[in-house]
Amino acid sequence: MRIVRKVTFLIILCLPLVMTGCGSGPRLPKIQSDTRSALSNANQEIANQHPDEALHLVLIALRNHQLLGDLSNSVRDMNRIGYIETSIGEYPKALFWFQRAELLSAVAKDPLLMAQTKVLASDAEISLHNTTQASILLKEVQDLLSHIPESPRKVRLMAHFYNSRGMLRLGGKHYKSSLSSFKKALSINQKLGLKGNAAGNWANIGNVYLAMKNPPMAKQAFDHALAVDRKIGNPEGIAFDSEGLSLAEIQTGSWDHALQSILAAYQIRLQQHNPVQAQKDLSLFRLALQKHPLQVNTSLLPDWPAPTP
Numbered sequence: 046m047r048i049v050r051k052v053t054f055l056i057i058l059c060l061p062l063v064m065t066g067c068g069s070g071p072r073l074p075k076i077q078s079d080t081r082s083a084l085s086n087a088n089q090e091i092a093n094q095h096p097d098e099a100l101h102l103v104l105i106a107l108r109n110h111q112l113l114g115d116l117s118n119s120v121r122d123m124n125r126i127g128y129i130e131t132s133i134g135e136y137p138k139a140l141f142w143f144q145r146a147e148l149l150s151a152v153a154k155d156p157l158l159m160a161q162t163k164v165l166a167s168d169a170e171i172s173l174h175n176t177t178q179a180s181i182l183l184k185e186v187q188d189l190l191s192h193i194p195e196s197p198r199k200v201r202l203m204a205h206f207y208n209s210r211g212m213l214r215l216g217g218k219h220y221k222s223s224l225s226s227f228k229k230a231l232s233i234n235q236k237l238g239l240k241g242n243a244a245g246n247w248a249n250i251g252n253v254y255l256a257m258k259n260p261p262m263a264k265q266a267f268d269h270a271l272a273v274d275r276k277i278g279n280p281e282g283i284a285f286d287s288e289g290l291s292l293a294e295i296q297t298g299s300w301d302h303a304l305q306s307i308l309a310a311y312q313i314r315l316q317q318h319n320p321v322q323a324q325k326d327l328s329l330f331r332l333a334l335q336k337h338p339l340q341v342n343t344s345l346l347p348d349w350p351a352p353t354p
């Protein structure tokens, strides 16, 4: 089964103002300024597909928040670090940070932060196929959210919860339930104007339809996702959507379109320096060629140019 798309977690998400004027002299504003700068730059590094650089910058922010004795923002930083580790497949490292973030959020008595930490941890557990633990975490998130007053942050977290629950249900082959969860997440993200997350929801809906052997509906969903990702300029999303489209097109025997979609994704994966996924795309391309032979020299593909600035 294909990997599903996770929620985009903005590095600077919900960062409140750090208190000033607490007897620390002129140093406090500089720490605050340095922290904001680090988080802003981390966002840019994530957008540029540079997770290592982003990780370094968020660690700087965490150090500063620890120096300020700021528990809530320390939790947010640990969640950011865990999110980055999850995005690059370092799931045990991600859980290391989420577990410590959970401890701090319990001490800080912030149920919304606790819920955010648990839903992020559930994504890592799902990726590790620890479905029992992921299910426990999502049940705890649901219980926490039921007692939290309505707010924009809660609504956004609800969308994340539904997406994660959809991932879990899809892994368990509970397709109708998975589809329902992804559609709820999509509805919320569209209302909030969170285009990147909505595109991810569309792509996950496409994955469900692929699993249900319904390629026309899968293609429709991936087309929606691809249109949004192209509009916002999201290479990771474009690659993911193109890979999904190629699978739907293979199921319907649309070989020419499938080959085009695979090559589009392949070039992006090379630019991302993602050799594992690039190799999967190359293998899929060759498999499609066996069913739909073309006079092309596939020996050129492993040495494909990926120009860098």
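The working numbering applies: residue 46 is where the sequence shown begins, and numbers increase by one.
No residue lacks a Cβ here, since even glycine has one placed at the ideal position from N, Cα and C.
query: Spatial distance of N208 from D268 (CA atoms); result: 19 Å
query: Within 8 Å, strictly: CB atoms of R198 and L149; result: no
query: C-alpha distance - G278 paired with N86, whole-angstrom precision; result: 18 Å
query: Short Cβ contact (8 Å threshold) for T131 with A169; result: yes
query: Inter-residue Cα distance where the pair is L237 and F330; result: 37 Å
query: Inside the segment 97–143 only - beta strand (DSSP E) runs reaching at least 3 residues; result: none
query: Beta-carbon separation (whole angstroms), V186 vs A146, contact threshold 8 Å; result: That belief does not hold up - the Cβ atoms of V186 and A146 are roughly 14 Å apart, past 8 Å.
query: Proximity test, Cβ basis, 8 Å: A309 and chain B; result: Among the chains in the structure shown there is no chain B, since it carries only a single protein chain.
query: Residue nearest to S226 in terms of C-alpha spacing, selected from Q335, G211, I91; result: G211
query: A272 and I250 closer than 8 Å at C-beta; result: no
query: Boundaries (first-last residue) of the alpha helix (DSSP H) holding M262; result: 260–277
query: Whether A166 touches L182 by CB criterion (8 Å); result: yes
query: Whole-number beta carbon distance between I171 and L112, since they are thought to touch under 8 Å; result: Incorrect: roughly 34 Å between the Cβ atoms, too far for contact.
query: Same chain, Cβ closer than 7 Å to A323, neighbours up to 5 away in sequence not counted; result: Y311, R314, L315
query: Segment limits, alpha helix (DSSP H) that includes P338; result: Element bounds for P338: n/a, residue is neither H nor E.
query: Rounded straight-line distance, which links the Cα of V253 to that of D97; result: 32 Å
query: Proximity below 8 Å, CB of L104 to CB of I126; result: yes
query: Nearest-angstrom Cα separation, counted from R81 out to K218; result: 42 Å
query: Spatial neighbours of R214 in its chain, beta-carbon cut-off 7 Å, leaving aside the 5 residues before and after; result: S222, S223, S226
query: Classification of T297 by the beta-carbon crowding that lies within 10 angstroms, buried from 16 upward; result: exposed
query: Buried versus exposed, by CB contacts within 10 Å (16 or more), W349; result: exposed
query: Residue interval of the alpha helix (DSSP H) (run including S223); result: 220–237
query: Neighbourhood of S344 by C-beta, 6 Å cutoff - its chain only, sequence neighbours within 5 removed; result: none
query: Alpha helix (DSSP H) segment containing M257, residue limits; result: No alpha helix (DSSP H) holds M257; DSSP gives it neither H nor E.
query: Cβ-Cβ separation, L292 to L255 (assumed contact under 8 Å), whole Å; result: 6 Å
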